[in-house]
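Residue numbers (the numbering used here): 49 to 322. In this text, a Cβ means the ideal position worked out from N, Cα and C, and glycines have one as well.
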C-alpha cells in the first residue's frame, strides 16, 4: 500500500484487529471532492484582467496619442476582473486545494476494499464525501456495518471512518457432514469432524478453497494443519472414506496457500492460543 498522498481515501488494513479477506467479498468506494472546475475559469479571468491592466498602463505611458478614455476603460475592466477572481479564490480555498489534488494526484481510481475490518482515511488537504459504496461477493444478504456510509464526509488531513463488514453472517452449520461450496469457486467441501476447539474439513472430491475464510465462517480463527488426500474425502490415501466413515487424519502439508488451497485437500480449523 502506497503511503503517498492520493486523490482518494486510503484503505488501511487493521491487522491488529484480526482483519482477513473473507470469501470473495469486496467494497468499491467512490468519493467526491469540493467543486474544482471553476478554478480554471477564475484563473483565466485573473490572467485576462492582469493583461488588460498591463495593456492599459502601456498605452497610457508609451502611446499617449491613443484614446485616453479607451485606456481607462481597459484599466477599469482589468481591475474589476482581477478583483472578482481574487475575491472568489479567497472564498473558495477548498476548491483550489481540490484542483491541486486533481492535477497532481497519483491515483484517481475508486478504492477497492477486500480485507475487513478496514479503515478509510482521507489524506487530502480537503474534505472528501463518500459518494457510493458498491458491495459484491456476499453469499447472503449485503449488510454494511461500521461508521462509513454513503454521504459521510471525511475531514481533511486524517478524517476517517470504519468498514467493519459488508455481508450478513454466513449461515454455516457446525455439524459433522455439513457440506457447502467455496464461494468464489463453487467447489464443494464437507465437515469430517468438529468440536469447540477444532474442525476437520475436507474437499468433497476436489477443487480450490479459501480454507482461512471457511474456518472463520465456522467461527474459528485460522487454519491449523493441512495436506492432500490422494482423492479421498475425509481420509488420507486409503480406501473409500466419507464424512460418515472417516479415515486417517494425516496432514502432509500439501495444498499450497491457505487462502487458495487446491486439489484433493483437507485441513483443520483452530483458534489462536489465548
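Report task. Would you be able to state if there are at least three C-beta pairs under 8 Å between the region 313-321 and the region 242-257? Result -> yes
Query raised in the report: How is the alpha helix (DSSP H) around residue 124 delimited, first residue to last?
Result: 116-139
Report task. With DSSP as the reference, label residue 266 as helix, strand or coil. Result -> coil
Query - Those runs of the alpha helix (DSSP H) which lie wholly inside the region 279-305 and span at least 4 residues - result: none
Requested in this report: Could you tell me whether the Cβ of residue 208 comes closer than 8 Å to any Cβ of chain D?
Outcome: Looking for chain D here will not work: only one protein chain is present.
Query raised in the report: Taking the beta strand (DSSP E) that residue 236 falls in, what are its first and last residues?
Result: 236-242
Query raised in the report: Do you know whose CA, among 289, 74, 281, lies nearest residue 191's CA?
Result: 74
**Report entry** Buried/exposed call for residue 184, threshold 16 Cβ in 10 Å
**Finding:** exposed
Query - Extent of the continuous beta strand (DSSP E) run through residue 190 - result: 190-194
Query raised in the report: Any idea which residues DSSP pairs residue 174 with across the strands?
Result: None; residue 174 has no bridge partner.
Requested in this report: Measure the beta-carbon distance from residue 237 to residue 268 and round it to whole angstroms, keeping in mind my assumption that it falls under 8 Å.
Outcome: At roughly 14 Å, the Cβ-Cβ gap does not stay under 8 Å, so residue 237 and residue 268 are not in contact.
Report task. Give me the Cβ distance between residue 200 and residue 178, rounded to the nearest whole Å; I'm assuming they're in contact under 8 Å. Result -> 5 Å
**Report entry** Residue closest to residue 136, alpha-carbon to alpha-carbon, out of 165, 216, 86
**Finding:** 86
Query raised in the report: Helix, strand or coil for residue 164 per DSSP?
Result: strand
**Report entry** Own chain residues within Cβ distance below 6 Å of residue 320, not counting five before or after
**Finding:** 269
Query raised in the report: In three-state DSSP terms, what is residue 77?
Result: strand
Query raised in the report: Is residue 264 buried or exposed, if buried means 16 or more other CB atoms sit within 10 Å of its CB?
Result: buried
Query raised in the report: Which residues bound the beta strand (DSSP E) around residue 251?
Result: 246-251
Query raised in the report: Which partner residues of residue 201 appear in the DSSP bridge assignment?
Result: 177
**Report entry** Reduced DSSP category for residue 224 - H, G, I as helix; E, B as strand; rest coil
**Finding:** coil
Query raised in the report: Out of curiosity, what's the CA-to-CA distance linking residue 231 and residue 266?
Result: 14 Å
Query raised in the report: Looking at the structure shown, is residue 334 part of a helix, part of a strand, or coil, going by DSSP?
Result: The question about residue 334 has no answer, for the chain in this structure spans 49 to 322.
Query - Exposure label - residue 106; buried when at least 16 CB within 10 Å - result: exposed
Query - Which listed residue (118, 101, 116, 159) has its alpha carbon closest to that of residue 131 - result: 101
**Report entry** Terminal residues of the beta strand (DSSP E) in which residue 212 lies
**Finding:** 208-215
Query raised in the report: What's the gap between the Cα of residue 286 and the Cα of residue 240?
Result: 15 Å
**Report entry** Proximity to residue 222 [Cα-Cα], best of 299, 245, 120
**Finding:** 245
Query raised in the report: The beta strand (DSSP E) spanning residue 316 covers which residue range?
Result: 313-318
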